[in-house]
Structures are given as structure tokens and as C-alpha cells.
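Trainee: Take this structure, written in C-alpha cells, and hold onto it; I'll ask about it next.
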Amino acid sequence: MSKVAYFRKFRRASAKGRPLPEEAFLAFLESLNESDWDGLITDVITQAAEAFAVFLPPRGEDLLSYSSSFLGRLGSPAQTLAGRGLERVVNQGIRRRDGQLLSGGLYIASELQNPVTVEFLLRLVRD
0 MSKVAYFRKF
10 RRASAKGRPL
20 PEEAFLAFLE
30 SLNESDWDGL
40 ITDVITQAAE
50 AFAVFLPPRG
60 EDLLSYSSSF
70 LGRLGSPAQT
80 LAGRGLERVV
90 NQGIRRRDGQ
100 LLSGGLYIAS
110 ELQNPVTVEF
120 LLRLVRD
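For the sequence shown, position 117 matches number 116 in numbering that gives the first Met the number 0, and the numbering has no gaps at all.
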């Protein structure tokens, strides 16, 4: 899948580029698959225009912290998929020795309090 597959889904979900109401936005996030989360998380960390268009952070807000604030409001299945996507992003950062992906990924991991993410973080510490 393209790294911006999540963005195509978002554009279909939003009405003519207008911001989605919070409930609809959370439903959109809940609909993402693991690959979508991988792309979205990567774009959030790298500050891609698509991620800004999806989250629309208020003026002066940091995209990384603003987008991460939504993760705790997702249901367990969506948090699990986001955690798996996050794991892929962090592992990519490790392979590439990319500090931006690593630090951003670990910041997001601090917001995901699900067993998948906690287990991944424990494996990182042990290795």
C-alpha cells in the first residue's frame, strides 16, 4: 500500500476537505489498518503535509503531541493496530539509524498504553 493510503481514506471520509466532527474523526482513525497507521505515524513524525491535513492542529500546536492526544481515545483494536504500525516505524528507524523516527516513535509509544506497545517497548529495552 502507498504510504498515503490513509490520506485517500481520509479524503473520502471528509466532506469536501472540511474538518470532520470529532466523533467522525475518531471513527476514521478506528477504520485504519496496520499499514495505514504505519504511513500516518511516519508522516506525523516527519511533519508531512498529509498528516497536517488530517489532524489540523490548532495554530501553535505541535503536530506530534496534538495527534498523539487522540490515541488514548481509540478503542483497544485500533490502539493495537496503531501499536503494530508504530513498531514498524520504530524498527525502520533502528535499521536506518534515523533519530527522528526513533524519538518520534518513542514519544507516540508513550501515549499508547496497550499491551502490544508495552511488550514492544520491553523487547527494545531487553535487546
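Ideal Cβ placement from N, Cα and C applies to all residues, glycine included.
These numbers come from a predicted model, not from an experiment.
At 4 residues or longer, and completely inside the region 24-58: list those alpha helix (DSSP H) runs for me, N to C.
Mentor: List check, alpha helix (DSSP H) in window: 33-44 and 48-54.
Trainee: Beta carbon of E22, beta carbon of G74: below 8 Å?
Mentor: Against a cut-off of 8 Å, the Cβ pair of G74 and E22 comes out as no contact.
Trainee: Which of the three DSSP states, helix, strand or coil, is assigned to S1?
Mentor: For S1, the predicted model reports a pLDDT of 47, less than 50, meaning its position is unreliable and no value from the coordinates is stated.
Trainee: Pick from A50, E60 and D37: whose alpha carbon is nearest that of G92?
Mentor: Ranking the options by Cα distance to G92, first place goes to D37.
Trainee: Would you mind stating whether V124 and R83 have Cβ atoms separated by less than 8 Å?
Mentor: Contact: no.
Trainee: Assess contact between the region 36-53 and the region 102-114, defined as three or more Cβ pairs (one per stretch) separated by less than 8 Å. Is contact present?
Mentor: Yes, the region 36-53 touches the region 102-114.
Trainee: Determine the extent of the alpha helix (DSSP H) in which L17 is found, giving its start and end residues.
Mentor: The sequence given here has Arg at residue 17, not Leu. Run containing R17: none; DSSP gives neither H nor E here.
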